[in-house]
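Here the structure comes first, spelled out in structure tokens, and everything after it is commentary.
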Amino acid sequence: MDLIEKNKKEMLSKKNWAVVGVTPAVEKFGYRIFSKLQEHGYRVYGVNPKYDEVDGEKIHNSLKELPVVPDCISVVVNPKATLSMLEEIKDIGVKYVWFQPGTFNEEVIEKAEEYGLNYVYYDCVLVALDEN
1 MDLIEKNKKE MLSKKNWAVV GVTPAVEKFG YRIFSKLQEH GYRVYGVNPK YDEVDGEKIH
61 NSLKELPVVP DCISVVVNPK ATLSMLEEIK DIGVKYVWFQ PGTFNEEVIE KAEEYGLNYV
121 YYDCVLVALD EN
């Protein structure tokens, strides 16, 4: 089993997640991932400074505002925003990050490695949840 598959398996076994880039727009991946994780029994915290709530769930402005430190973070924002939040991810002590397709570039992956994060990329959490 390669490292990405190992990380994916470990992440899917953890039950507290945050979705950065959650949105009330049901057709967008930020909404679909947030909802799918909930459907599969995960405790999910939404992060997006543009919204106060999604489907009755409080949405937080930043990771530092979350009531608990999540085990895993699913990132659903553009690579520039992803890069700017990696330090916050490291600072709050999260070790697992799932970079959804389109949310990372080489610089993001290099920074994640520099910070010692366990990550998944080139894979979608929606597909992985349906496979389990």
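When we follow the numbering used here, the leftmost residue of the sequence shown carries the number 1, and every step to the right adds one.
Built from N, CA and C at the ideal position, the CB exists for glycine as well.
Treat the numbers as computed from the prediction; the structure is a model and nothing was measured.
If you check the CB distance, residue 42 and residue 17 come in under 8 Å.
C-alpha of residue 58 to C-alpha of residue 10: approximately 27 Å in a straight line. Rounded to whole angstroms, the Cβ separation of residue 31 and residue 22 is 7 Å, and the two are in contact under 8 Å. The beta carbon of residue 61 sits closer than 6 Å to those of 49, all from its chain and outside the five residues before and after it, given in chain order. Cβ-Cβ distances below 7 Å link residue 109 to 121 in the same chain, with the five nearest sequence neighbours on each side left out; the list follows chain order.
Annotation for residue 7: the continuous alpha helix (DSSP H) segment containing it runs 3-13.
Straight-line measurement puts the Cα of residue 130 at about 9 Å from the Cα of residue 36. Residue 73 is bridged by DSSP to 18 and 97. By the neighbour-count criterion, in which a residue is buried when 16 or more other Cβ atoms sit within 10 angstroms of its Cβ, residue 74 is buried. Rounded to the nearest whole angstrom, the CA to CA distance from residue 128 to residue 13 is 12 Å.
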